[in-house]
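Shown next, in structure tokens, is the structure this report addresses.
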Amino acid sequence: MTGRTSARKVRRAAVALALAGALGVSVAACSSGSGSSSSAPAELDVKAAPHAATLAKLPAKAEGAEIVVGSPSAAHTVTVYEDPRCPYCAKFEASGAVPLAELAAQGKVKIRYTLASFLDRNLGGGGSARAAGALRAAVDAGKFAEYHAAVFASQPEDEGSDGYTADNLLRIADKVPGLRGAAFDKAVRENTYKSWVASAEKAFEDSGVNSSPTVLIDGKRPPGDGSAILDADAFAKVLKDAGIS
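Taking numbering that gives the first Met the number 0 as reference, the numbering of the sequence shown is continuous, increasing by one, and the terminal residue is 244.
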């Protein structure tokens with residue numbers, strides 16, 4: 000890393016902290032406040048999410064503006080709000096999402112994903128919306144969990160770069176055996192799920208949630224400042240304290 004790159008990251012992190020404090024948003028989140036984002040960790044080491052294979056074995060379907068993964072009869076529901084361009088969402092997928100997936104595999108919880116795209120509005124571009132639409136298309140292909148993991152693991156280093164182009168999203172899909180095909184490729188290139196993406200963003204806005212990632216356990220925010228979801232052990236304890244173990 001060059002000195003210039005390092006300095007730029009430090010400045011971004013400092014601005015993010017200031018914005019988060021002014022908005023009352025956890026620093027471990029991307030804010031949906033107009034023209035602002037608290038999504039600037041100095042470094043992120045995001046590897047391919049280790050829970051993808053676990054979730055891939057579970058049913059996934061679109062229900063309204065959400066994507067639901069897990070047994071419909073699961074006693075508990077965890078709702079996850081994410082924006083594909085948010086680096087803290089990528090961090091969650093590489094950490095806190097791991098124990099959550101294990102509980103889903105045991106049939107104890109189902110996961111409801113709301114894919115927001117507010118960072119397109121805040122930072123410019125359309126990468127969040129394109130990625131959300133591609134993820135919706137992956138549901139039809141029966142590859143949502145694997146592609147969801149690959150998208151976040153392949154996230155551009157700078158959320159402001161708008162790196163989720165159609166070509167890049169298809170290159171990411173190459174990492175998921177069996178995903179590429181005429182229907183999926185067409186959906187990505189022609190933005191087939193544009194209306195669905197808009198409905199998902201509206202659902203995010205109507206929820207009252209103002210940052211991503213946000214996790215609700217049976218409809219309630221877990222105690223604390225939200226940072227526990229970015230640590231696998233800490234989030235496992237949060238889930239256990241909520242009666243899910």
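For glycine and all other residues, C-beta sits at the position ideal for the given N, C-alpha and C.
Tell me where the alpha helix (DSSP H) around L122 begins and ends.
Taking the sequence shown and counting its residues from 1, one reaches residue 122 at position 123. Element bounds for L122: F117 to L122.
I need the straight-line Cα distance from T76 to V138, nearest angstrom please.
As a working note, residue 76 is residue 77 in the sequence shown. As a working note, residue 138 is residue 139 in the sequence shown. Distance between the alpha carbons of T76 and V138: 19 Å.
Kindly indicate which residue of Q105, A136 and K107 has the alpha-carbon position closest to the one of L114.
In the sequence shown, counting from the first residue as 1, residue 114 sits at position 115. Checking every option, the nearest Cα to that of L114 belongs to A136.
In three-state DSSP terms, what is L229?
The residue labelled residue 229 in the question sits at position 230 within the sequence shown. Helix.
Cα-Cα, which of L229, G225, P221 and Y146 is closest to L238?
Taking the sequence shown and counting its residues from 1, the one referred to as residue 238 is at position 239. The residue with the shortest Cα to Cα distance from L238 is P221.
Which word fits K142, buried or exposed, when buried means at least 16 other C-beta atoms lie within 10 angstroms of its C-beta?
One-based indexing of the sequence shown puts residue 142 at position 143. Classification for K142: buried.
Using DSSP with H/G/I as helix, E/B as strand and the rest coil, what is V68?
For the purposes of this step, residue 68 is identified with residue 69 of the sequence shown, where counting begins at 1. In the structure shown, V68 sits in a strand (DSSP, three-state: E or B).
Taking only the alpha-carbon atoms, compute the straight-line gap between S211 and A186 and give it to the nearest angstrom.
Numbered from its first residue, the sequence shown carries residue 211 at position 212. Numbered from its first residue, the sequence shown carries residue 186 at position 187. For S211 and A186, the distance between alpha carbons rounds to 25 Å.
Give a yes or no on whether the C-beta atoms belonging to V68 and A144 are separated by under 8 Å.
Position 69 of the sequence shown, counted from the start, is the residue given in the question as residue 68. Position 145 of the sequence shown, counted from the start, is the residue given in the question as residue 144. A contact, by the Cβ cut-off of 8 Å.
What residue does the alpha helix (DSSP H) around H50 start on, and which one ends it?
Mapped onto the sequence shown, residue 50 falls at position 51. Unbroken run through H50: none, as it is neither H nor E.
If we ignore side chains and look at the alpha-carbon of each, how far apart do P155 and C88 end up?
As a position in the sequence shown, residue 155 is number 156, starting the count at 1. As a position in the sequence shown, residue 88 is number 89, starting the count at 1. If I take the Cα positions, the gap works out to 12 Å.
Buried or exposed: R129, going by 16 or more other Cβ atoms within 10 Å of its Cβ?
By one-based count along the sequence shown, residue 129 stands at place 130. Buried, since its Cβ has 16 or more Cβ neighbours within 10 Å.
From this set, K174, E65 and L57, which residue's C-alpha is nearest K201's C-alpha?
Sequence index remark: in the sequence shown, residue 201 carries index 202 (1-based). The shortest Cα separation from K201 among K174, E65 and L57 belongs to E65.
Residues bridged to R111 (per DSSP):
Numbered from 1 along the sequence shown, position 112 holds the residue referred to as residue 111. In the DSSP output, where bridge partners are listed per residue, R111 has V67 and T78.
Terminal residues of the continuous beta strand (DSSP E) containing L57?
Position 58 of the sequence shown holds residue 57. It is not in any beta strand (DSSP E) - L57 carries neither H nor E in the DSSP assignment.
Endpoints, alpha helix (DSSP H) assigned at I243
To locate residue 243, count along the sequence shown from 1; it is residue 244. Here I243 belongs to no alpha helix (DSSP H), and DSSP marks it neither H nor E.
Exposed or buried, P71, counting other C-beta atoms within 10 Å across all chains shown (16 or more means buried)?
Your numbering for residue 71 matches position 72 in the sequence shown. By the 10 Å Cβ count, P71 comes out exposed.
Just checking: is the beta-carbon of D139 within a distance shorter than 8 Å of some beta-carbon in chain C?
This model lacks chain C altogether, as it is built from one protein chain only.
Rounded to a whole number of angstroms, what is the C-alpha to C-alpha distance between A149 and D82?
By one-based count along the sequence shown, residue 149 stands at place 150. By one-based count along the sequence shown, residue 82 stands at place 83. Approximately 14 Å between the Cα atoms of the pair.
Helix, strand or coil: how does DSSP classify S198 here?
Start at 1 with the first residue of the sequence shown, and residue 198 comes out as number 199. S198: helix per DSSP, three-state reduction.
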